[in-house]
Amino acid sequence: MSLLAWTVAAVCFAGGFVAALMARRQVGVPTFALPAVWLISVLAFGLTLPSEPAPAFEPGSALGWGVLLASGLWLMGAFVATCTRLDWLGATLPFAAPVLVLTFEPGYPMPALWGIGIATVLVWILLNRVWQALPEVALSVLTLCFMTALAYYAHAPRWYGVCVAGAGIAALWGVAWLARQKPCSWWWAHTLLFGAFTLTALGYHLSSVEGRWLYLVLMALIAATIARGFADAGEWARYALLVWIALFASVFALQKGFGLATAALMVSLHAMVMGHTRIVQTSWSERGLYLAGALLLAFLSAFRLFVLSYPLRVPRADLYTHYTLMGFLLALVGLGALALWQRGSEQAGEPAGQLSWRTLLTGFWAVSLPLLMGALFTERAIAGWLAGALAAALSAYLYASPAMPSLSGEELEEQSITRWLYPLAFAGAVVALPLTEVVVSYATLPRLIRLYLVLGAGALLALSLLFVFWRERPRSVQRTR
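Following my numbering, the numbering of the sequence shown begins with 6 at its first residue and continues without gaps.
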């Protein structure tokens, strides 16, 4: 990385530090939230600077650079979105990170993109209570990173994802301008968004750049329109997941996953615009359906990228092997248990400081478990974990309790486990992409050493349980009195 690149990252990270300090004075913002993001980003950056760097860290410490850059932009965006009425402007700032990566690292941006992904999921987990539209914005940034990385495998235009994201942001600004007096209709937002996508695709098509750009826009438009028709259909709304699966089937084979990532980015940006309920008339069920579709396509893009980064070896990595099945089941059950435990603290009325410890612990284990599985059973177990994480996230949406008319959208969102499970599902994906190459080397070590790894993980789990018991027992005793 050049000196200019490090200077830009330092300025962004310093701006994030100032935003974290200013946010502590705001009413309604948990005091731990933004400073915790800043401190953990420093820790993550420190872990990328060993004396003898692993292969994932060799290209100029770009992974740590991406963490610093993105976390600073995210903190500034979170402050603007939560402490002012310019939430649409706060949603724009994190998109600058992939643009800066392509500017400073055009040759090999993968490590820096993984750093952006790690910072994005970190913010998503810790600021989940603070920023209403954070899930949609985080998914859009993650998908842009996946799409940019897939462009190198597919030999596709590297800046096309940035152009599509720019079109989505321009549509968001246009909707915000139309909603100066009152929230605008979904139809206006829908038209502006896909109109901008069409102009972008048409520009590439007229420039004779190889790719089915207009076809991808058409498929995303059809899927989003059909999903909108199902959104307020009661129980039938959840079956609209089949619409997103049909969209996946129609674009999966295009350009080694680049077509899938393009459709995923358009759906994520559509969910982001519709998720700003202060400026767009969007119901809770409609927002949930858009978010589920964006999550499905974004996660499949990440999985496609994982498969290209770590090709299958003998024996194959499918459910015929019990190691893959173990990873699948552990993610399916374990992530759900972590999300339920994290949600339980807020429903019990725990103070913000108490919730912070639950949030940190759930995030730690959501990141550590897939890496531990990879260290024990190679990338087969991590592939199973990714499949199980996606299954857990979709199951949380599909089998959630039916919406009751007496509850508001905020109350329904508090009851839903998806708010907590979605970021935990992506936590394993963003760390698996850069670190699988590092952890699978431990799978070739003797069994005794791998047994020590299991014992160490068990000791950490026991310490976590003891810590939770110590933090929560006095309060429970006090409530019984």
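All C-beta atoms, glycine included, are put in the ideal place defined by N, C-alpha and C.
What you are looking at is a predicted structure, and each value in this text was computed from that prediction instead of being measured.
- prompt: Where do the ends of the alpha helix (DSSP H) carrying Leu-440 lie?
  reply: Position 435 of the sequence shown, counted from the start, is the residue given in the question as residue 440. Looking at the DSSP string, the run of the alpha helix (DSSP H) that includes Leu-440 is 423-444.
- request: Please list, in chain order, all residues of the same chain as Cys-150 whose beta carbon is under 7 Å from its beta carbon, the five residues on each side excluded.
  value: As a working mapping, residue 150 is identified with position 145 in the sequence shown. If we look at Cys-150 and ignore the five residues flanking it on each side, its Cβ neighbours are Pro-103, Leu-118, Ile-121 and Gly-122.
- request: For Ala-143, I'd like the list of residues in its chain whose CB is within less than 6 Å of its CB, leaving aside the five on either flank, ordered along the chain.
  value: Residue mapping note: residue 143 aligns to position 138 of the sequence shown, counting from 1. Answer for Ala-143: Thr-125 and Trp-129, listed in chain order.
query: How would you call Thr-153, buried or exposed, if buried means at least 16 neighbouring beta carbons within 10 angstroms?
result: What you label residue 153 is simply residue 148 of the sequence shown in a count that begins at 1. The residue in question, Thr-153, is buried, as its Cβ has 16 or more Cβ neighbours within 10 Å.
message: Please list the terminal residues of the continuous alpha helix (DSSP H) segment that includes Cys-17.
response: Looking up residue 17 in the sequence shown gives position 12. That run of the alpha helix (DSSP H) goes 8-28.
- prompt: On the three-state DSSP scale, how would you describe Val-256?
  reply: Working through the sequence shown from its first residue, we reach residue 256 at position 251. Helix, per DSSP.
message: Using C-beta distances below 6 Å, list every residue in its chain close to Ala-201, excluding the 5 sequence neighbours before and after it, in chain order.
response: As a working note, residue 201 is residue 196 in the sequence shown. Excluding positions up to five away in sequence, the list reads Ala-172, Ala-175 and Ala-176.
- request: Within its chain, find whatever has a CB closer than 7 Å to the CB of Leu-131; leave out the 5 residues flanking it on each side and keep chain order.
  value: By 1-based counting over the sequence shown, the position of residue 131 is 126. Contacts found: Ala-38, Ala-41, Val-42 and Thr-364.
message: For Thr-367, which residues in the same chain have their Cβ closer than 6 Å to its Cβ, ignoring the five residues on either side in sequence?
response: As a position in the sequence shown, residue 367 is number 362, starting the count at 1. Same-chain partners within the cutoff: Leu-343 and Gln-347.
query: Residues bridged to Cys-189 by DSSP?
result: If you number the sequence shown from 1, residue 189 lands on position 184. Bridge partners of Cys-189: Val-285.
query: Who are the near neighbours of Phe-333 in its chain, counting only those whose CB is closer than 6 Å to its CB and skipping five residues on each side?
result: What you label residue 333 is simply residue 328 of the sequence shown in a count that begins at 1. Answer for Phe-333: Gly-389, Ala-392 and Gly-393, listed in chain order.
- prompt: Under 8 Å between C-beta atoms, does Leu-313 make it to chain C?
  reply: Going by chain labels, chain C is absent from the structure shown, which holds only one protein chain.
field: Separation of Ala-67 from Tyr-113, as counted between CA atoms
entry: For the purposes of this step, residue 113 is taken as residue 108 along the sequence shown, with counting starting at 1. For the purposes of this step, residue 67 is taken as residue 62 along the sequence shown, with counting starting at 1. If you take the alpha carbons of Tyr-113 and Ala-67, they lie about 10 Å apart.
message: Check for me: the alpha helix (DSSP H) holding Phe-529 runs from which residue to which?
response: The question about residue 529 has no answer here: the residues shown for the chain are numbered 6 through 486.
field: Inter-residue spacing [alpha-carbon to alpha-carbon] between Tyr-209 and Val-272
entry: Sequence index remark: in the sequence shown, residue 209 carries index 204 (1-based). Sequence index remark: in the sequence shown, residue 272 carries index 267 (1-based). Between Tyr-209 and Val-272, the C-alpha separation is close to 19 Å.
query: With distances taken from CA atoms, which of Phe-382, Ser-421, Phe-304 and Leu-317 is nearest Gly-262?
result: Your numbering for residue 262 matches position 257 in the sequence shown. Looking at the Cα atoms, Phe-304 is the closest of the given residues.
- prompt: Can you tell me the Cα-Cα spacing of Gly-51 and Leu-73, whole angstroms?
  reply: Looking up residue 51 in the sequence shown gives position 46. Looking up residue 73 in the sequence shown gives position 68. Answer to the nearest angstrom: the Cα atoms are 10 Å apart.
query: Taking only runs of the alpha helix (DSSP H) that begin and end inside the region 40-116, which ones reach a length of at least 4 residues, in chain order?
result: 67-88, 92-97 and 101-109
field: Between the CA atoms of Cys-189 and Thr-196 - distance to the nearest angstrom
entry: In the sequence shown, residue 196 corresponds to position 191, counting from 1. In the sequence shown, residue 189 corresponds to position 184, counting from 1. Cα to Cα, the separation comes out at about 12 Å.
task: Assign Leu-317 to one of three DSSP states: helix, strand, or coil.
output: Start at 1 with the first residue of the sequence shown, and residue 317 comes out as number 312. Three-state DSSP puts Leu-317 in coil, outside helix and strand.
- request: Given a cut-off of 8 Å, decide if Leu-127 and Ser-46 are closer than it, judged by their beta-carbon atoms.
  value: Here residue 46 is taken as the residue at index 41 of the sequence shown, counted from 1. Here residue 127 is taken as the residue at index 122 of the sequence shown, counted from 1. It is a contact, given that the beta carbons lie within the stated cut-off.
- prompt: What number of angstroms, rounded off, separates the C-alpha of Gly-379 from the C-alpha of Arg-309?
  reply: Locating residue 379 in the sequence shown gives position 374, counting from the first residue. Locating residue 309 in the sequence shown gives position 304, counting from the first residue. About 18 Å.
task: Have a look at Met-81 and Leu-105 and give me their C-alpha separation to the nearest angstrom.
output: Working through the sequence shown from its first residue, we reach residue 81 at position 76. Working through the sequence shown from its first residue, we reach residue 105 at position 100. Distance between the alpha carbons of Met-81 and Leu-105: 16 Å.
field: Neighbourhood of Leu-376 by C-beta distance below 7 Å, restricted to the same chain and skipping five residues each side
entry: Position 371 of the sequence shown, counted from the first residue, corresponds to residue 376. Contacts found: Val-436, Leu-440 and Val-444.
message: Relative to the C-alpha of Gly-179, which candidate in Ala-15, Val-338, Met-279 and Arg-292 has its C-alpha closest?
response: Residue 179 sits at position 174 when you count from the first residue of the sequence shown. Comparing Cα-Cα distances from Gly-179 to each of Ala-15, Val-338, Met-279 and Arg-292, the minimum goes to Met-279.
Pro-316, buried or exposed, once every other Cβ within 10 Å from all chains shown has been counted against 16: Counting from one through the sequence shown, the residue named residue 316 turns up at place 311. Result: exposed.
query: Which whole-angstrom value describes the C-beta separation of Ala-371 and Ser-290, a residue pair presumed to lie in contact below a C-beta threshold of 8 Å?
result: Looking up residue 371 in the sequence shown gives position 366. Looking up residue 290 in the sequence shown gives position 285. Wrong, their Cβ atoms sit about 27 Å apart, outside the cutoff.
- prompt: Given Gly-526, which residues of its chain have a CB within under 6 Å of its CB, disregarding the five upstream and five downstream residues?
  reply: Nothing in the structure corresponds to residue 526, since the chain is present only between 6 and 486.
query: Counting pairs of beta carbons, one from the region 158-173 and one from the region 460-479, are three or more of them closer than 8 Å?
result: no
query: Can you tell me whether Val-23 is buried or exposed, with buried defined as 16 or more other CB within 10 angstroms of its CB?
result: If you number the sequence shown from 1, residue 23 lands on position 18. Per the 10 Å Cβ criterion, exposed.
Helix, strand or coil at Tyr-209 according to DSSP, with G and I counted as helix: Working through the sequence shown from its first residue, we reach residue 209 at position 204. Helix at Tyr-209.
- prompt: Thr-383: which of Leu-330, Thr-108 and Leu-300 sits nearest, CA to CA?
  reply: Here residue 383 is taken as the residue at index 378 of the sequence shown, counted from 1. Thr-383 has its Cα closest to that of Leu-330, out of Leu-330, Thr-108 and Leu-300.
query: Are the beta-carbon atoms of Ala-269 and Thr-97 separated by less than 8 Å?
result: Numbered from 1 along the sequence shown, position 264 holds the residue referred to as residue 269. Numbered from 1 along the sequence shown, position 92 holds the residue referred to as residue 97. No. Outside cutoff.
- request: Report the residue from Glu-215, Leu-8, Gly-264 and His-281 whose alpha carbon sits nearest the alpha carbon of Arg-90.
  value: On the sequence shown, position 85 is the one that residue 90 refers to. Comparing Cα positions, the closest option is His-281.
message: For Glu-240, count the other beta carbons within 10 Å of its own beta carbon; 16 or more makes it buried, fewer makes it exposed. Which is it?
response: Within the sequence shown, numbered from 1, the residue matching residue 240 stands at position 235. The residue is exposed, with fewer than 16 neighbouring Cβ atoms inside 10 Å.
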